[in-house]
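Numbering (the UniProt record's numbering), first residue to last: 1 to 122.
Where a beta carbon is used, it is the ideal one built from N, C-alpha and C, also for glycine.
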């Protein structure tokens, strides 16, 4: 059984869930991917360069928009500023369950962004 994920941009009151855009890598590296504390419990190592973040985004948040796969990722941006602040990634597991991963830097935590994004998705 395959679980289909709707490939679409979504908007909430404060957020837009969208594909990766060139330039997103800078803030996501600074606030999340390159932050030791934000990367503490991840399977990947903390990024040491912006290009590492860019490569990850091109794989997860761009190419998966163009072809069906077992995973999918939205860049989540503030609706007012359009600045990328987090990632929401969904990966289909072999037992047909889904793994949901949020990536959010400490500066944006505790503001209800994760809940708001998930409500838009489900």
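Worksheet item: Along the chain, where does the alpha helix (DSSP H) that runs through residue 111 open and close?
Response: Counting along the chain, no alpha helix (DSSP H) covers residue 111, and no H or E run does either.
Worksheet item: Hey, which unbroken runs of the alpha helix (DSSP H) at 4 residues or more fall wholly within the UniProt domain "N-acetyltransferase" (14-122)?
Response: Uninterrupted alpha helix (DSSP H) stretches at least 4 residues long and entirely within the UniProt domain "N-acetyltransferase" (14-122) occur at 24-28, 50-58 and 113-121, given in chain order.
Discussion item. Taking the beta carbon of residue 122 as the centre, do at least 16 other beta carbons fall within 10 Å, making it buried, or is it exposed?
Written reply: Residue 122 should be labelled exposed.
Worksheet item: Near residue 24, which residues of its chain fall below 7 angstroms by C-beta distance, leaving aside the five closest residues on each side in sequence?
Response: Excluding sequence neighbours, residue 24 sits near 57, 75 and 84.
Discussion item. Quick check on this structure: which residue in 117, 31 and 22 has the alpha carbon closest to the alpha carbon of residue 48?
Written reply: Comparing Cα-Cα distances from residue 48 to each of 117, 31 and 22, the minimum goes to 31.
Worksheet item: So, are the CB atoms of residue 35 and residue 105 less than 7 angstroms apart?
Response: Yes, they are a contact pair.
Worksheet entry | Beta-carbon spacing of residue 29, residue 46 below 7 angstroms | Cβ atoms of residue 29 and residue 46: not closer than 7 angstroms.
Worksheet item: Quick one: what's got a C-beta closer than 6 angstroms to residue 53's C-beta in the same chain, skipping five residues either side?
Response: Its chain contains 25, 28, 29, 33 and 47 as the residues whose beta carbon lies nearer than 6 angstroms to that of residue 53, once the 5 sequence neighbours on both sides are disregarded; these appear in chain order.
Practice prompt. Compare the Cα-Cα distances from residue 112 to each of 100, 99, 91 and 86 and report the closest residue.
Written response: When each option's Cα is compared against that of residue 112, the closest is 86.
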